[in-house]
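So the numbering used here is basically just the index in the sequence shown, starting at one, shifted up by 9. Glycine is no exception: its CB is placed at the ideal position from the N, C-alpha and C atoms. See structure below.
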Amino acid sequence: MISSKNLTLLLAVLIMGFCLISSVSAMDIDDSASVSGSDELSDSSVSLRSDENSVSDSNLNSVESDAGSSNVNSENEVLSTDNTVEDSNLEYDSSIKSSNNLLGASSQSDSDVLQATAKTKTTLKGSSSSIYRGNSYTLTLTDSKGKVLSGQKVSYKVNGKTYTLTTDSKGSTYLQINLKEGKYTMVCSYGGSSAYAASSFSVTLSVLKNPNAFSIKEIEDAATNVKNYVAKNKKLPSTVKVGSKTLKISEFSYLASKAISDLNSNKKGDILLVSDISNRNSSAHSFKYTIYKAQYLDLAKKTISRIETKKAPSTYWSVKDSSGKVIGKANFNLYTFCFAKILDFHKSKNYLPNYCTFDSGDFAPAKKATTLKGSSSTITRGKSYKLTLTDSKGNVLSGQKVSFNINSKTYTLTTDKKGSAYLQINLKEGKYPMVCSYAGSSKYKASKLSVSLTVLKNPNFFTLKEIEDASTNVKNYVEKNKKMPNTVKVGSKTLKISEFSYLSSKAISNLNSNKKGDILLVSGITNRNSSAHSFKATVYKAPYVDLAKKTISRIESKKAPSTYWSVMDTSGKVIGKANFNLYTYSFAKILDFHKSKNYLPNYCTFDSSAFTPAKKATSIKAGSSSIKKGDTYSVTLVDNNGKGLASQKVTFTISGKSYNKTTDSKGVASLKINLNGGTYSVVSSYAGSSTYKSSKLSQSVTVKDSNTFTLGEIEAAATNVKKYVDNNDVLPSTVTVASKKLSISQFSYLMSKAVYNINAGNKNAIALPSSLSNCKSEGDTIDATVYKAQYVDLSKRVLSFAESNKVPPVYAKVYSSSGSSLGNVEFDLYTYSFAKILDFHKSKNALPNYCTFESSVFKGIVVPPVNVSSKIPYNSSQFKAGLNEKNTETNLTKYLVGTGQSAITSSIKNLADQLTKGLKTTDEKAQAIYNYVRDEIDYSYYANSKHGASGTLSAGSGNCVDQASLVVALCRASGIPARYSHAKGCTFSSGLVTGHVWAQILVNGVWYSADATSVRNKLGNIQNWNTNSYSNL
C-alpha cells in the first residue's frame, strides 16, 4: 500500500508533468504568439511603457498593464509583453482534471487517499464589446467575493491568435486592438491556479474606425500643403488639416515622423495619433546642411519617442552627419518642415529620398513678443513716468523707440540700457488717458499699454509771478546789505540761494522763448561758495540769456551752481568772470525789470562792487598722524588754490594747552612734541585776516616711544634684510629701522609681530621689548613651501617664545598644510622668510599665500665622504624586467626632466652637484647618489607619497615611493636618466608581502635597480626582498 507521504510526492510529479505538457501544447497552437522578453524584437515590435496611451519608437501602438502589454496590428501580428510568454501563460485546458479531486485507486483505504484543496471560483469581466481601433480592451479578474486578483495570467484569443497578459494591482489587463474595422469573436480565459478555479467567456467584438487614425495618403497630402505654406509664407502654419480633421502643428509633426519611420519599414497601414499632444515654441537655432536618409530617419524616431513620452515635441534636435558628429541644431519649425518635404517627395516618387536639405533660411526669423510695463498710474506733477520694454522672457530691450500719447500730443523716447524711458509729466492736476506704444522692429513684435494717469499737485512748482516777486526781494537785499541772502522766500516756501538761482535762470530762459508756465524746481540742489573774481561790464541780452541757460544745465546735471561763469560780449569774446553772487544778483535785477516792464531788458550791468569783497577760503593740511617723542608735528596753511600762506599765525591746542606758531615761506607751522607715548587730539586753528577766512583742523596724533616702530618702518627694513641675504647668503648682524640700529634678534621679533598683526588686521605701531638677547641658529635642513596659515602660526609661536624667554627661539617646528611636520626651521631661515613675507606685503598690500623656506640660501648640505667602486656591483642573477635590464628606448628626454614628485629644486640641484663633484664616470656618480639616499635617508612607512623628493630631503626620511623620487630627482639633476619601477606581491625578509616601488638608473646602456630602502642593498643588487617572487611589473 502507498503511504500518504509517497502519494503526495506522486501527485506533485504528475501535476508538474501536466503543466509541462500543457506548455508544449500551447506553444504548438500558435508559435508566432510568443516573443521572448524584449531583447530581440523585429521591425514590427514595440517597447512597452507605463502609460497606457503612449507608444514606443517602434512602428506599432503599445498595449499595457501594470505588469506588461501586448499588441494586435492590422496584419494580425502578435507580440508578447516585456514579461516573456512562459509555460504558465497558456490557455486553460479543461481536459486536465481529476475525478472527485482524488488521485489513486478506488481500492485504497481512506488513510491512503490525498484530498485536493477546494479552489475559489473566479469571474472574468470585459469592457464594452464595441471599441475603436487602437483603443484597449479591459479584462478584469475577480474571485467569488468580488475581490480583484492581481498577478494572474489571462488570455485573449481573437482572429486566430492568443495573447497572454498578467493582471495588474486592480486585477485588470489591457489589450490594444489594432485590427481592421469589423466584428471578431474573442474568447477571454483564465486557466486558474492552485488556489483559484478557471473561468472564461466569449464576446463578439465590434472594432470601429478610429477618428484619430490617419492613412499615409492623408498625411502625405497634408505634408504637401505644409511644404507649400512654408514656401509661400516663410513660416509654419499653426494648424494643419489631415483628412477631415484640423490638427495642431505639433500633432502633424508626430504623424509625419511616424509616417516616415513606417514607410522606411515598408509599413503602410493607418497611423494612430496619440492624444494630448501640446505645441512647443521653436528654438531660434540657425542651421543649413544636407542630411542623409539614416540621419533624418533617426530624427523622425527621436521625435516619435519624445512626443509619446513627453506629449510635446522637442524645441530642437542636435543633428549628426553620417559619421555621428554633431553638425548643428535643427529647431522644431525646420525639422517639421523637412519631414513634410520628405513625405511630399515620397508622395510623388513612391520612395523616400536619399537626403533632404535642412535650411533655416526657408523661414523668416520669428519676431519675439514684447511687453510694456508702466510705473504707478498716480504721479506728482513734474515727476517722470517710467515705461519699461521687455521681451517674452523678461529681458529688457534697450535702444528701442517707445511713444507716449497724452493730452493730444505724442512724445517719442528711446529706452536706456535698462529698457526704460522716462517722460516728465508737467501737466496740471487732473486725470489724463495715456497710450504707450512700441511699434516693433524686425526682431520684436509691437506692444501697447493704456493707462488712466492721475496727476497730483507738486509743491515744487512755482509761478512766474512768485519768482519775480522773490527777485525783487533779492535785488533790494543786496543793495542794502552788499551781500547775497542765504535763503529766499518764493511763494510760500523758503529756498536756498542756489535754488533761487536755478528758478531765476529758468524764468529768464523761458521768458526769452515766450513761455510763461509754472517752473519745477529740481531736487537736491546744494549751495556753492562764490569765487572772488572782480568784474564790471554791460552784458547784453544774448550773452546773459546764454549765462542763464548754462546755469540751468549746470544745476540740472551737477546739482550745484558754478562758482563763476566766463562772460562774453556780443562778438563771443570773453570779457571777464562773474562769480555766483554777481550773476545770481544780475538775474534778480533782470526779472525785477521784467516784472515792471513786461519785457526783458536789452542789457544788464554786472558790477561786483555791489558786494563787499569776499574773503578767500583757507584750509589746514594735516601732518603725520604718528610721530616719536621729541619729533616735530607740522601742518600747512593754504588758500583755496592750495598755495601756502606765509607769516600767518597758527595755534596748536594739545592736552589743554595752546601754542602759537608762525608759518614759514611754504605755509608750514611746526610744534615739537615731548609728550609721553599715547594718542592725542591736536587742534590746529587759523583765525583769518582781512583777506583770508578762518580755518581749523582736528587730528588724532599718536606719540610713540623711541622703541616703537610703524608697520611701514618695519617693512622698509625687511626689504633691506631680504636684499642683504640675497646678495651675501647670510643675515646681517644689525638692522637699521627708522634711523635706529637694532640687533638681528630684535628685528626678527618685530617682523614676526608684524606678520602676526597684519594677518589679524592690526596695523598699529609695534613696541620692542626692553631687553631681547641674540640667539644661535640651529635646525634641520628645510626645502619646502609653507602656506599662509602655517607661517602665521610659526610667527605666533616665535613671538610667544621670545616674549616669555627674552630671546628668540634657536629653531621652531614648521608644518605642512596637512599638519605634518616639515622639520625644525632655524632662526636664520625663519627670520629671512619673515623678511620675504613683509617685502611682499609692502609691494602687494597683502600677505602671500605661501612662502618658500630653503636652507640652501645660507649653507650647503653636509655630504659624507664619497666611497664608490669603479664599476656598479650589480647582481647578474637579477637581470630581468624592472630590475637590471638593457635599455631599448632611443628617446630618453622624459627621464631627464624633473616633474611632480621628482621636481628639481635648488636644494636638490645643490646636493646633486656636491655628491658628484670630482667624479668622472657615470658609474661613480650613480653610486654616489644611490649610496647617499640609502645611507642618509631613513625609511618611514606610510602609503603613497607624502613628501616628494625635496620634502624627503628636508625631512630626512621617506617611504619607498619618496626615496625613489629622491633618487630619480638627484640623478636627473646630474644629467643621468632615471625612472620608477614597481611590483606587486614583493616578499620581504620580515615576511611582509606587499606592493613596492624603487628607482632604476641608466648607466652605459643598462637600467640598474636602485632600491634605497635598506642598507643591505647595493646599486643593481636587491637583498631585502625576494626578487624571484614579485609579479605584475
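### Task
Please report the Cβ distance between Gly639 and Asn685, rounded to the nearest whole angstrom; I am assuming they are in contact, meaning their Cβ atoms lie under 8 Å.
Here residue 639 is taken as the residue at index 630 of the sequence shown, counted from 1. Here residue 685 is taken as the residue at index 676 of the sequence shown, counted from 1. That pair is no contact at about 11 Å.
### Task
Tell whether a beta-carbon distance below 8 Å holds between Leu920 and Ala937.
By 1-based counting over the sequence shown, the position of residue 920 is 911. By 1-based counting over the sequence shown, the position of residue 937 is 928. No. Outside cutoff.
### Query
Based on Cα-Cα distance, which residue from Ser539, Lys502, Lys934 lies nearest to Asn1013?
Here the question's residue 1013 lines up with position 1004 in the sequence shown. The shortest C-alpha separation from Asn1013 is found at Lys934.
### Query
So, do the stretch 439 to 458 and the stretch 376 to 392 have three or more beta carbon pairs nearer to each other than 8 Å?
yes
#### Entry: As assigned by DSSP and simplified to three states, the class of Thr176
Locating residue 176 in the sequence shown gives position 167, where the first residue counts as 1. Coil, per DSSP.
### Task
Identify whether Asn485 lies in helix, strand or coil by the three-state DSSP scheme.
Here residue 485 refers to the residue found at position 476 when the sequence shown is read from its first residue. Correct three-state label for Asn485: helix.
### Query
Nearest CA to the CA of Ala821: which residue from Ala982, Phe862, Leu343, Ala678?
By 1-based counting over the sequence shown, the position of residue 821 is 812. For the residues Ala982, Phe862, Leu343, Ala678, the minimum Cα distance to Ala821 belongs to Phe862.
### Query
Out of Thr627, Val877, Ser826, which has the shortest C-alpha to C-alpha gap to Ala696?
Stepping through the sequence shown from its first residue, residue 696 is reached at position 687. Cα-wise, what sits closest to Ala696 is Thr627.
### Query
Ends of the alpha helix (DSSP H) at Ile228?
Within the sequence shown, residue 228 is the residue found at index 219, counting from 1. Its alpha helix (DSSP H) spans residues 225 to 242.
### Query
Using 8 Å as the threshold, is the stretch 728 to 740 in touch with the stretch 708 to 718, meaning 3 or more CB pairs across them?
no
### Query
To which residues does DSSP link Lys498 through a beta bridge?
Counting from 1 along the sequence shown, the entry for residue 498 is found at position 489. The partner list for Lys498 (beta bridge, DSSP) reads Thr503.
### Span separating the alpha-carbon of Trp1034 from that of Ser998
Taking the first residue of the sequence shown as position 1, residue 1034 is located at position 1025. Taking the first residue of the sequence shown as position 1, residue 998 is located at position 989. Their Cα atoms are separated by approximately 6 Å.
### Message
Between the stretch 469 to 483 and the stretch 600 to 615, can you find at least three pairs of beta-carbon atoms closer than 8 Å?
### Response
yes
### Query
Are the stretch 152 to 172 and the stretch 196 to 210 touching by the rule of at least three beta carbon pairs closer than 8 Å?
yes
### Query
What span of residues does the beta strand (DSSP E) with Arg988 cover, start to end?
Stepping through the sequence shown from its first residue, residue 988 is reached at position 979. Start and end: 987 to 997.
### Query
In chain order, what residues of the same chain have a beta carbon less than 6 Å from the beta carbon of Val405, not counting five sequence neighbours either side?
For the purposes of this step, residue 405 is identified with residue 396 of the sequence shown, where counting begins at 1. Excluding positions up to five away in sequence, the list reads Thr399, Lys427, Gly428.
### Query
What span of residues does the alpha helix (DSSP H) with Glu933 cover, start to end?
The sequence position of residue 933 within the sequence shown is 924, counting from 1. Counting along the chain, the alpha helix (DSSP H) containing Glu933 begins and ends at 931 to 945.
### Query
Is the Cβ-Cβ distance between Thr419 and Ser412 less than 8 Å?
Mapped onto the sequence shown, residue 419 falls at position 410. Mapped onto the sequence shown, residue 412 falls at position 403. The answer is yes: Cβ separation under 8 Å.
### Query
If you run the structure through DSSP and keep just helix, strand and coil, what is Tyr758?
Here residue 758 is taken as the residue at index 749 of the sequence shown, counted from 1. Three-state DSSP puts Tyr758 in a helix.
### Query
Going by DSSP, which residues form a beta bridge with His1005?
Residue numbering aside, residue 1005 sits at position 996 when the sequence shown is read from its first letter. In the DSSP output, where bridge partners are listed per residue, His1005 has Ala992.
### Nearest to Ser181 (by Cα), restricted to the options Lys189, Asp152, Asp837
The residue you call residue 181 lines up with position 172 of the sequence shown. It is Asp152.
### Task
Sort Gly909, Arg943, Asp922, Gly891 by Cα distance to Tyr1039 and report the nearest one.
One-based indexing of the sequence shown puts residue 1039 at position 1030. Nearest C-alpha to Tyr1039: Gly891.
#### Entry: Whether Ser698 touches Val644 by CB criterion (8 Å)
In the sequence shown, the residue the question calls residue 698 occupies position 689. In the sequence shown, the residue the question calls residue 644 occupies position 635. Not closer than 8 Å, so no.
### Query
Out of curiosity, what's the CA-to-CA distance linking Lys189 and Leu281?
As a working mapping, residue 189 is identified with position 180 in the sequence shown. As a working mapping, residue 281 is identified with position 272 in the sequence shown. Rounded to whole angstroms, Lys189 to Leu281 spans 12 Å at the Cα level.
### Task
Measure the CB-CB distance between Ser916 and Ser990 and report whether it falls below 8 Å.
Numbered from 1 along the sequence shown, position 907 holds the residue referred to as residue 916. Numbered from 1 along the sequence shown, position 981 holds the residue referred to as residue 990. Not a contact, by the Cβ cut-off of 8 Å.
### Query
Among Pro741, Lys624, Phe620, Phe596, which one has its Cα closest to the Cα of Tyr612?
In the sequence shown, the residue the question calls residue 612 occupies position 603. Among Pro741, Lys624, Phe620, Phe596, the Cα nearest to that of Tyr612 belongs to Phe596.
### Message
Measuring only the C-alpha atoms, how far is Ser138 from Val216?
### Response
Here residue 138 refers to the residue found at position 129 when the sequence shown is read from its first residue. Here residue 216 refers to the residue found at position 207 when the sequence shown is read from its first residue. Cα to Cα, Ser138 sits roughly 8 Å from Val216.
### Task
Apply the 10 Å Cβ neighbour rule to Tyr1044 and answer buried if 16 or more other Cβ atoms are within range, or exposed otherwise.
Within the shown structure, residues of the chain are numbered from 10 to 1042, placing residue 1044 beyond reach of any answer.
### Query
What first and last residue would you give for the beta strand (DSSP E) that runs through Leu148?
On the sequence shown, position 139 is the one that residue 148 refers to. Counting along the chain, the beta strand (DSSP E) containing Leu148 begins and ends at 145 to 152.
#### Entry: Exposure of Tyr668, with buried meaning 16 or more beta-carbon neighbours within 10 Å
Along the sequence shown, read from residue 1 onward, the residue named residue 668 stands at position 659. By the neighbour-count rule (16 or more Cβ atoms within 10 Å), Tyr668 is not buried but exposed.
### Query
Can you tell me whether Lys582 is buried or exposed, with buried defined as 16 or more other CB within 10 angstroms of its CB?
The residue you call residue 582 lines up with position 573 of the sequence shown. Exposed, since its Cβ has fewer than 16 Cβ neighbours within 10 Å.
### Secondary structure of Gln887, DSSP reduced to three states
Stepping through the sequence shown from its first residue, residue 887 is reached at position 878. Reduced to three states, the DSSP call for Gln887 is helix.
### Task
Give the DSSP-derived three-state secondary structure of Ser974 in the structure shown.
Looking up residue 974 in the sequence shown gives position 965. The answer is helix: DSSP assigns Ser974 an H, G or I state.
### For Ser825 and Thr1036, the rounded distance between their alpha carbons
Start at 1 with the first residue of the sequence shown, and residue 1036 comes out as number 1027. Start at 1 with the first residue of the sequence shown, and residue 825 comes out as number 816. Going by the C-alpha atoms only, they are around 36 Å apart.
### Among Pro622, Ala587, Gly665, Ala678, nearest to Thr700 - alpha-carbon criterion
The sequence position of residue 700 within the sequence shown is 691, counting from 1. Per the Cα distances, Pro622.
### Task
Classify Asn1058 as buried or exposed, calling it buried when 16 or more other Cβ atoms lie within 10 Å of its own Cβ.
Outside the displayed range of the chain (10 to 1042) lies residue 1058, so it cannot be described from this structure.
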